[in-house]
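Read through the structure below, which is laid out as structure tokens, and then see the notes.
Number of protein chains: 2
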Amino acid sequence: MPLTDSIFAFQIDKTDGKARTGVLRTAHGEVATPVFMPCGTYGAVKGITPDQLHDAGVQMVLANAYHLMLRPGAETVAEMGGLHKMMAWDSPILTDSGGFQVFSLPALRKVSDDGVVFQSHINGDTVELTPETCMDVQAKLGADIIMQLDECPPADAPKEHVAEAVRRSAAWAGRCKAALEKNGAGSLFGIQQGGVFLDLRARSAEALVELDLPGYAVGGLSVGEGHEKMKAVLEHIDGQFPREKPRYLMGVGEPRDIIAAVACGIDMFDCVLPTRNGRNAQAFTWSGRVKLRNSAFAGDTRPLDENCNCYTCRNFSRATLRHYFQAGEMLAATLVTIHNLAFFSQLTSEIRRAIADGELEARSRKWGEQMYSD
Amino acid sequence: MPLTDSIFAFQIDKTDGKARTGVLRTAHGEVATPVFMPCGTYGAVKGITPDQLHDAGVQMVLANAYHLMLRPGAETVAEMGGLHKMMAWDSPILTDSGGFQVFSLPALRKVSDDGVVFQSHINGDTVELTPETCMDVQAKLGADIIMQLDECPPADAPKEHVAEAVRRSAAWAGRCKAALEKNGAGSLFGIQQGGVFLDLRARSAEALVELDLPGYAVGGLSVGEGHEKMKAVLEHIDGQFPREKPRYLMGVGEPRDIIAAVACGIDMFDCVLPTRNGRNAQAFTWSGRVKLRNSAFAGDTRPLDENCNCYTCRNFSRATLRHYFQAGEMLAATLVTIHNLAFFSQLTSEIRRAIADGELEARSRKWGEQMYSD
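Just so you know, the sequences run in chain order A and B.
Per numbering that gives the first Met the number 0, the first sequence runs over residues 0 to 373.
Per numbering that gives the first Met the number 0, the second sequence runs over residues 0 to 373.
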């Protein structure tokens with residue numbers, strides 16, 4: 000999958016404060032932003048077919064380069080015709096670099112300025128991930144947007160460690176860009192690090208912006224720092240990154256965090272919440288979460304959300320979904336995941352509408368009160 | 000769900016030897032026979048939405064009265080609006096009586112002429128199942144075809160035990176009919192027992208036919224007796240049961256057995272094979288089974304079956320399906336189950352065509368050679 004095939008553009012339509020609506024143009028179609036991307040870790044959104052993804056309003060999915068390079072392997076995916084063909088998803092895909100996953104492996108890795116060496120959690124093989132191999136892997140996967148290799152320190156890392164990660168990640172971003180330019184530049188996003196240290200965040204952004212990349216991601220958040228500290232970092236990004244480039248907040252997530260981040264000028268999100276919680280019997284609705292294992296729902300013939308038009312809400316009651324979970328029926332996970340994905344599509348769609356109407360702040364307050372009343 | 004709502008008729012269209020094509024007419028639509036019904040034990044075909052069932056050509060599903068009476072309970076299903084509403088399936092449903100399941104519980108039951116008392120495998124509750132309660136449960140579930148309570152002895156039961164089961168099952172059939180007639184007769188099928196003893200099979204059929212029921216099932220087969228002994232029993236059923244009534248072979252199954260049973264005059268089948276094997280990475284095709292965990296399929300970019308037009312074969316390669324199984328992706332089970340259900344739909348559809356063309360025997364031989372060559 001030569002990256003020269005990829006086209007990429009971003010256009011802002013409406014703004015409301017720092018928030019904006021826009022369109023991402025890729026070789027696999029357009030995406031209205033702000034957008035939420037569900038996770039298809041191994042090249043499948045758990046339990047959901049591509050048809051069901053489209054029906055739930057999903058525009059774009061994320062897949063994990065780390066997982067795919069270990070199984071089935073980037074070469075194998077390329078032989079299958081690339082990730083789009085492999086997973087039968089003809090809409091845009093973003094692949095992450097594997098950095099976050101590798102740095103989540105506790106004792107299995109060795110980091111240097113060159114890159115990171117780790118042991119595969121699948122077969123114990125020693126694997127080297129450098130900015131160059133990372134670009135090679137993602138080029139083979141053939142996603143529309145690819146991420147630089149970065150170093151992602153834990154939430155409680157001391158400032159010196161975070162500063163080191165900022166320096167290293169910036170250098171790696173440059174090497175990723177150089178590696179890509181050899182075979183035609185693609186839609187590479189840089190990743191800001193810096194933890195909750197605002198000076199380090201600024202330094203990280205500056206180094207990335209100098210590289211003039213197609214887009215910028217905010218990494219290293221949603222790792223346990225909490226809603227307020229996350230917001231404190233995000234409040235600065237509109238000044239740190241050029242307005243005309245898309246901005247992606249990695250690993251977020253919670254509706255409250257998405258709403259706050261959009262107000263700070265974020266355009267893209269990914270998270271396992273709708274899929275993981277769906278499998279665990281938890282549904283997102285405009286009036287908060289529905290925990291379907293609660294016996295109160297045994298006789299509840301209403302849909303998960305009266306105002307939702309997803310396949311699950313059109314066809315199944317809370318009582319049926321609860322029964323399926325109690326009986327261990329795997330269809331339960333699929334049906335609630337479908338609903339949750341539709342909810343995140345509706346949430347971002349309502350956010351786009353509120354921005355277009357210039358009413359994001361007022362509506363966000365109302366949504367927050369409905370969703371987090373208890 | 001008053002049973003007076005149910006309409007039921009069976010009409011034979013074409014015959015080829017003892018084999019026949021026909022139409023079952025129910026309150027929830029028509030079913031072309033011979034038909035295969037997948038199992039929706041707890042009111043869900045595992046991992047498959049009603050939309051996906053329809054797409055795979057499924058005409059009718061089976062649900063288990065035994066499982067549903069224990070969880071969520073027949074009353075609860077009735078409060079949900081009945082089984083069709085609960086599982087969002089607007090096509091015909093058949094519920095079995097629970098007899099087979101209860102008699103599979105080793106030490107948990109006590110049988111008498113009155114009925115069977117057993118302990119719930121879910122909460123240890125003592126539950127009584129009599130012909131009368133069995134009709135009551137199934138009336139509450141509201142299926143289109145319901146089954147009598149029967150006693151199903153194990154494959155190795157001595158003849159005296161099987162004779163006793165025949166006597167008891169016939170008596171219970173009469174009581175089921177009487178119980179139903181009080182609130183309007185429904186589409187009750189009697190169940191023949193008798194193991195592999197031809198004299199007992201004849202005696203059992205005779206007693207059931209005397210009751211003039213809407214349809215007749217052959218029970219107590221596919222319990223380990225093997226293909227040849229099953230055929231030896233089935234060869235007599237065309238003479239034992241009236242031609243104008245539908246005949247249902249319970250718990251079968253294997254394509255070879257279905258083909259042989261149709262040639263003996265069977266119209267209906269149910270089995271967990273397509274769904275259970277789908278979850279276990281085994282696909283049915285016209286050239287035999289594909290065991291997707293085999294490493295030979297890692298680079299196989301062909302669909303499961305070149306001639307299959309199911310959602311899975313239109314979109315996914317064997318390599319992708321194998322990767323999903325290796326990675327523990329639950330979508331693998333869903334996709335291969337969809338294919339297997341489509342295969343069983345195609346198989347019965349081809350069988351109906353062969354009967355209409357008067358070529359069942361020749362084509363059956365060809366299919367068997369293709370499917371069971373190794």
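Heads up, the beta-carbon is just placed ideally off N, CA and C, and yes, glycines get one too.
A/Thr40 is the residue among A/Thr32, A/Asp299, A/Thr40 whose C-alpha sits nearest the C-alpha of B/Tyr323. Within the region 58-118 of chain A, complete beta strand (DSSP E) segments of at least 3 residues are found at 60-63, 92-95, 108-110, 115-118, given in chain order. A residue is called buried when at least 16 other Cβ atoms come within 10 angstroms of its Cβ; B/Asp143 meets this threshold and is buried. Around the beta carbon of A/Asn279, fewer than 16 other beta carbons sit within 10 angstroms, so the residue counts as exposed.
B/Gln10 is classed as exposed because its beta carbon has fewer than 16 other beta carbons within 10 Å across all chains shown. In the DSSP assignment, B/Ile354 falls within the alpha helix (DSSP H) that extends over 329-355.
Taken through DSSP and simplified to helix, strand or coil, B/Gly28 comes out as strand.
For B/Ala282, the three-state secondary structure derived from DSSP is strand.
In this structure, B/Leu212 lies near B/Phe188, with their beta-carbon atoms less than 8 Å apart. Put simply, of A/Arg24, A/Thr25, A/Ala31 the residue whose alpha carbon is nearest the alpha carbon of A/Arg352 is A/Ala31. In the three-state reduction of the DSSP assignment, A/Val271 falls in the coil class. Using beta-carbon distances, A/Ser294 does not count as an interface residue toward chain B, since no partner is under 8 Å. Contact between the region 151-165 of chain B and the region 229-248 of chain B is not established, with fewer than three Cβ pairs separated by less than 8 Å. Contact annotation: B/Thr125 and B/Val116 have beta-carbon atoms nearer than 8 Å.
Taking the Cα of A/Trp171 as reference, the smallest distance to any Cα among A/Asp155, A/Glu150, A/Asp50 is reached at A/Glu150. The beta-carbon separation of A/Phe240 and A/Val195, rounded to 18 Å, does not stay under the 8 Å limit for a contact. Ranked by Cα distance from B/Asp89, the options B/Met59, B/Asp95, B/Ala73, B/Arg313 are led by B/Met59. B/Ser221 is positioned such that its CB atom lies closer than 8 Å to that of B/Gly252.
Straight-line spacing of the CA atoms in A/Arg275 and B/Asn308 works out to 32 Å. Under the DSSP assignment, B/Glu127 falls in the beta strand (DSSP E) whose first and last residues are 125-128. The beta carbons of A/Ala62 and A/Leu82 sit closer together than 8 Å. Neighbours of A/Glu78 across chain B, judged by C-beta separation under 7 Å: Gly298.
Taking 8 Å as the threshold, the shortest C-beta distance from B/Gly81 to chain A does not fall below it.
Near chain B, meaning a CB-to-CB distance below 9 Å, the residues of the region 319-351 of chain A are Thr319, Arg321, His322, Tyr323, Gln325, Ala326, Gly327, Glu328, Met329, Leu330, Ala331, Ala332, Thr333, Leu334, Ile337. Across the structure, A/Gln147 and A/Ser96 are spaced so that their CA atoms are roughly 6 Å apart.
When the alpha-carbon of A/His66 is set against those of B/Gln369, B/Gly327, B/Gln345, B/Pro152, the nearest one is in B/Gly327. A/Tyr41 belongs to the set of residues whose beta carbon lies under 8 Å from a beta carbon in chain B. Counted as a single uninterrupted DSSP element, the beta strand (DSSP E) harbouring A/Tyr247 occupies residues 246-248. When the five nearest sequence neighbours on each side are left out, the beta carbons in the same chain lying within less than 6 Å of the beta carbon of B/Ala18 are those of Val261, Ala262, Ile354, Leu359, in order along the chain. B/Glu243 and A/Met86 have their C-alpha atoms roughly 49 Å apart.
Residue-level contact by beta carbon fails for B/Pro91 and chain A, as no gap is shorter than 8 Å. Excluding the 5 residues flanking it on each side, A/Val165 has same chain C-beta neighbours closer than 7 Å at Gln192, Gly193, Leu199, Arg202, Ser203, in chain order. At least one beta carbon of chain A lies nearer than 8 Å to the beta carbon of B/Met85. Per DSSP, A/Pro49 lies in no beta strand (DSSP E); the unbroken alpha helix (DSSP H) holding it starts and ends at 49-54.
Close partners of B/Pro302 in chain A (Cβ separation under 9 Å) are lacking, with about 11 Å as the shortest Cβ gap. By the CB criterion at 8 Å, B/Pro254 and B/Leu346 fall inside the cutoff.
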